[in-house]
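Here's the structure, in structure tokens; my notes come after.
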């Protein structure tokens, strides 16, 4: 249940980032809205799996930088997780298109804010 809730929040956050931030686009080849939503959920699933499997290792390895920057380096890690999602989805017929690091940085910031806000609204995930 936690995975599905996180998947829904991340999918919504990625869609919102693609709508609001110049330099981030979604490539969804679906002809109907339902197909496009399924492609966005697939992108969200890849992003969620990356955040569950790879992000903790990266955070552990970069712990000194996180401490020195008082946690601001976590925004850079979020940007790299978004760029990694773009790289992985580039092998499929759908995916993210990100113009550069700064677009990924702003996208990671927006996704973190959406996760924070929706995480407070949704009942306890533990």
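Numbering (the numbering used here), first residue to last: -11 to 114. In this text, a Cβ means the ideal position worked out from N, Cα and C, and glycines have one as well.
Next on the checklist: Can you give me the C-alpha to C-alpha distance between residue 16 and residue -9, rounded to a whole angstrom?
Outcome noted: 23 Å
Item to check | Pick from 48, 12 and 81 that is closest to residue 94, judged by C-alpha positions | outcome: 12
Item to check | Same chain, Cβ closer than 6 Å to residue 132, five either side skipped, listed in chain order | outcome: Because residue 132 is not part of the residues shown, which for the chain are -11 to 114, the question remains open.
Next on the checklist: Whole angstroms are fine: how far does the CA of residue 18 sit from the CA of residue 45?
Outcome noted: 34 Å
Item to check | Backbone secondary structure at residue 83 - three-state DSSP | outcome: Reduced to three states, the DSSP call for residue 83 is strand.
Next on the checklist: As a quick exercise: from 100, 87, 97 and 73, pick the residue whose alpha carbon is nearest that of residue 10.
Outcome noted: 87
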